[in-house]
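Right, one structure below, let's go through it.
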Amino acid sequence: MVPMDNGARARHDEEADRLYMETWVKYRRGPDDMRKIPPTRILMYPDIFERAWGWDRLLPQDYTSSRLYFDYLREYHRRNRLMDYVAAAAGKPEEWPLKARPPVDDGVITGCFPDGNDALTAAARFCLDMELRFMSVWKSRPVRNVELLSQKIQERACHLIVVGREFSEPAAASLVCIANEAALACELLTRGAEATDVEIKLCNCIRQCALSLMYMTGPRSDASAAAMVGVPKEARRMCEWMRNVNQLYAFQGYSEIHKMGQCDEIRIPTFRLFEYTSFSCWVIIMS
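In this text, residue positions in the sequence shown follow the numbering used here: the first is 7, and each later residue adds one.
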């Protein structure tokens with residue numbers, strides 16, 4: 007047998023890896039053709055990735071291939087930014103995380119709303135409404151920093167509404183991410199979750215990190231915005247499932263083949279991505 011040179015070996019290894027990914031797609035489908043989370047290196051083969059996972063849900067991060075993953079996030083952001091957070095911020099009822107505007111009296115925040123109709127102002131109002139609802143459900147539960155975090159979020163949202171700011175995709179994505187996490191926390195609490203439950207802590211961790219990433223600039227700002235677009239999709243999926251089945255969502259309580267089994271598998275690595283991209287993000291202890 008003639009030994010292969012380095013180029014031939016590299017081609018052989020790539021062909022073998024591609025064949026493995028093709029086989030993975032064929033045999034790793036769940037019930038009702040549910041897509042299972044593929045290895046991150048599937049991003050090396052865009053055609054296989056499209057069939058195996060697609061661009062709707064965020065692919066969880068694998069730190070062993072961070073450069074490849076950040077390239078993926080930039081493309082995810084390009085494909086998803088307009089269809090998600092701008093639609094939600096525009097106030098279309100079908101796009102709100104709980105399918106309806108939260109029942110908050112506008113008189114509470116009348117001073118925060120001039121006539122501006124731009125997308126960032128709409129996103130700020132969306133965020134502020136959901137924070138007020140969250141605090142009405144939270145009711146001074148004795149968990150450190152949560153009320154202070156909400157106060158900071160409300161102040162930031164009011165400032166954006168009153169002062170105005172040139173449209174920023176990270177800022178808009180941050181506001182909608184925060185709002186959806188607040189909506190998820192509300193849904194969990196109203197169904198009997200404890201303030202110290204891990205899923206509630208995760209909601210608050212994500213809200214804090216999204217707040218710290220609101221004005222992020224630089225080469226990874228689009229990656230952060232992509233993550234802040236992808237996470238709200240999982241929060242909305244969880245809220246809708248709880249409303250449909252009238253059950254409390256159980257943190258990491260579902261098998262891989264359950265329709266809800268992937269939500270936390272996406273949310274937890276994305277929270278770690280938020281930590282990775284924001285040095286200023288303080289973390290509420292998860293244990």
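Every residue, glycine too, gets a C-beta built ideally from N, C-alpha and C. Computed from a predicted model, the values in this text were never measured in an experiment.
Alpha-carbon to alpha-carbon, residue j and residue i
i              : j              : result
glutamine 268  : tyrosine 26    : 22 Å
cysteine 209   : arginine 15    : 47 Å
glutamate 240  : tryptophan 30  : 24 Å
isoleucine 272 : valine 149     : 25 Å
tyrosine 82    : methionine 136 : 26 Å
aspartate 53   : leucine 126    : 35 Å
proline 66     : isoleucine 274 : 8 Å
glutamate 20   : valine 168     : 55 Å
isoleucine 263 : leucine 64     : 18 Å
alanine 106    : serine 227     : Residue placement at alanine 106 is poorly supported in this model, since its pLDDT is 32, which falls under 50; the coordinates are not used for a value here.
arginine 242   : arginine 249   : 11 Å
proline 108    : leucine 138    : With a pLDDT of only 36 at proline 108, under 50, the local geometry of the prediction cannot be trusted, and the value read off the model is given with reservation. Cα to Cα, proline 108 sits roughly 9 Å from leucine 138.
aspartate 23   : tyrosine 282   : 29 Å
serine 72      : glutamate 56   : 20 Å
glycine 170    : aspartate 203  : 37 Å
aspartate 270  : glutamate 153  : 24 Å
lysine 32      : arginine 47    : 17 Å
glutamate 175  : arginine 84    : 11 Å
glycine 259    : lysine 42      : 17 Å
serine 146     : tyrosine 51    : 50 Å
asparagine 252 : arginine 17    : 52 Å
histidine 165  : aspartate 124  : 15 Å
Residue i - DSSP class collapsed to helix/strand/coil
i              : result
arginine 17    : helix
glutamine 160  : helix
valine 143     : helix
valine 110     : With a pLDDT of 39 at valine 110, under the threshold of 50, the modelled position of this residue cannot be trusted; read the value that follows with caution. Here valine 110 sits in coil by DSSP.
leucine 65     : coil
histidine 83   : helix
tryptophan 30  : helix
asparagine 210 : helix
tryptophan 59  : coil
threonine 202  : coil
proline 275    : helix
tyrosine 282   : helix
lysine 265     : coil
glycine 224    : coil
alanine 129    : helix
valine 235     : helix
tyrosine 75    : helix
arginine 150   : coil
serine 174     : coil
arginine 249   : helix
leucine 134    : helix
isoleucine 291 : Confidence in isoleucine 291 is poor, its pLDDT being 34 and thus under 50, which makes the residue's placement too unreliable to answer from.
leucine 219    : coil
Sub-7 Å separation of residue i and residue j beta-carbons
i                : j                 : result
arginine 134     : glutamine 160     : Looking at the sequence shown, residue 134 is not arginine but leucine. Yes, these two residues count as a Cβ contact at 7 Å.
isoleucine 212   : phenylalanine 277 : yes
valine 143       : cysteine 192      : yes
leucine 49       : leucine 74        : yes
alanine 185      : phenylalanine 132 : yes
proline 44       : tryptophan 59     : yes
leucine 190      : methionine 244    : yes
phenylalanine 76 : alanine 229       : yes
valine 182       : asparagine 86     : no
alanine 199      : phenylalanine 140 : no
tryptophan 247   : methionine 222    : no
leucine 195      : glutamate 205     : no
Neighbour flag for residue i against chain B, beta carbons, 7 Å
i           : result
alanine 125 : You won't find chain B in this structure, because it holds only one protein chain.
Distance between beta carbons of residue j and residue i, contact taken as under 8 Å
i                 : j           : result
alanine 178       : alanine 129 : 5 Å
arginine 197      : leucine 254 : 4 Å
phenylalanine 280 : leucine 219 : 7 Å
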